[in-house]
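What follows is a short report on a single structure.
Residue numbers (our numbering): 13 to 360.
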């Protein structure tokens with residue numbers, strides 16, 4: 013009797029385990045093995061876990077990459093103007109290493125015509141060694157044995173899979189149209205909100221002009237290594253337009269000259285390559301001073317995202333000859349801007 017019970021127990025256990033793992037394999041929320049199958053919708057929600065699989069197993073000709081300030085771009089402008097499929101690879105709060113691995117996979121497995129990459133000012137100034145996120149390496153390597161961590165993941169089975177199956181029943185196709193990762197629809201974009209959440213720092217002494225060049229150069233070297241290794245791919249970089257509140261913070265923290273020096277170094281390095289296009293939206297005075305388009309000091313509305321997409325697709329990129337004059341003009345603008353009026357108007 014005990015032996016029969018044990019045999020039955022293990023048979024049931026193995027059958028349930030196989031069903032559990034098989035369900036994850038078929039649905040494959042992280043696209044580790046394949047893209048959507050059997051009528052399941054594209055479901056892109058967590059870039060850190062999904063981007064490498066998406067880069068390998070989804071079909072595309074163009075990539076749109078970036079952090080939370082790129083997440084609210086939709087694919088329509090790219091699909092309308094480019095002769096092929098565009099996909100998004102988003103990591104909110106991402107460091108460079110969070111993008112370089114899926115980018116490497118994409119360049120290795122696909123013929124990528126163009127990469128549109130929104131690289132925040134805050135990204136350029138961070139060393140990858142400061143990234144405290146522990147990557148799920150079992151999703152990124154070629155070792156099939158450690159896939160057990162994925163195939164037997166309770167979070168994947170009980171969280172992602174029900175959402176995907178529910179979306180399939182409801183005929184959900186939004187991520188295929190937008191590229192996924194959208195978060196801005198339920199956010200209030202207004203001057204009052206942006207000022208309300210902004211915590212103005214106390215003034216500090218100025219740091220050295222070269223204080224941020226260490227991480228920026230390291231990150232630039234990583235980027236240019238990919239650019240140089242793939243001359244057939246066009247890389248379109250843009251620095252997203254943080255609001256005037258970001259510049260108030262930067263000035264009060266004594267980092268204005270260091271930040272602009274870092275931007276200048278990055279722009280010069282990127283533009284030096286023939287297969288690179290660069291757009292510098294940080295100095296768009298009309299945009300960055302329109303706080304009704306922001307929810308805090310850096311995040312701008314979906315409407316701004318669509319305008320930036322149009323400009324990336326229609327306008328001419330920055331030239332090497334423009335860099336010095338634009339940076340100097342922007343310095344002048346910031347040095348004379350009446351920051352105090354922002355807070356007087358807010359009643360503070």
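Beta carbons: idealized from backbone N, C-alpha and C, even for Gly.
Residue 339 sits close to residue 276, with the two beta carbons spaced by under 7 Å. In this structure, the beta-carbon distance from residue 351 to residue 295 does not fall below 7 Å. For the pair residue 201 and residue 80, the CB atoms are not nearer than the 7 Å cut-off. Remark: C-beta atoms of residue 47 and residue 75 do not approach each other more closely than 7 Å.
Distance from the Cα of residue 320 is smallest, within the candidate group 180, 193, 89, 341, for 89. Taking C-alpha positions only, residue 186 is separated from residue 241 by approximately 34 Å.
In the DSSP secondary-structure assignment, residue 128 is bridged to 76, 248. In the three-state scheme derived from DSSP, where H, G and I count as helix and E and B as strand, residue 239 is classed as helix. Per DSSP, residue 342 is one residue of the alpha helix (DSSP H) stretching across 335 to 348.
When C-alpha distances from residue 108 are compared across 152, 175, 229, the shortest belongs to 229. According to the DSSP assignment, residue 263 belongs to no beta strand (DSSP E) but to the alpha helix (DSSP H) extending over 256 to 264. Exposure of residue 347 is indicated by the presence of fewer than 16 other C-beta atoms within 10 angstroms of its C-beta. Between the stretch 309 to 327 and the stretch 247 to 264, the count of C-beta pairs closer than 8 Å reaches three or more; the two stretches touch.
Exclusion of the five residues before and after residue 197 leaves 314 as the residues of its chain whose Cβ lies within less than 8 Å of its Cβ. Between residue 113 and residue 152, the beta carbon gap of about 6 Å places them in contact (Cβ cut-off 8 Å). In this structure, 67 is the residue among 150, 167, 134, 67 with its C-alpha nearest to the C-alpha of residue 124. By the CB criterion at 7 Å, residue 253 and residue 299 fall inside the cutoff. Bounds of the beta strand (DSSP E) holding residue 101 are 98 to 102. Take residue 40, set aside five residues on each side of it, and the residues of its chain with a beta-carbon closer than 7 Å to its own are 46, in chain order.
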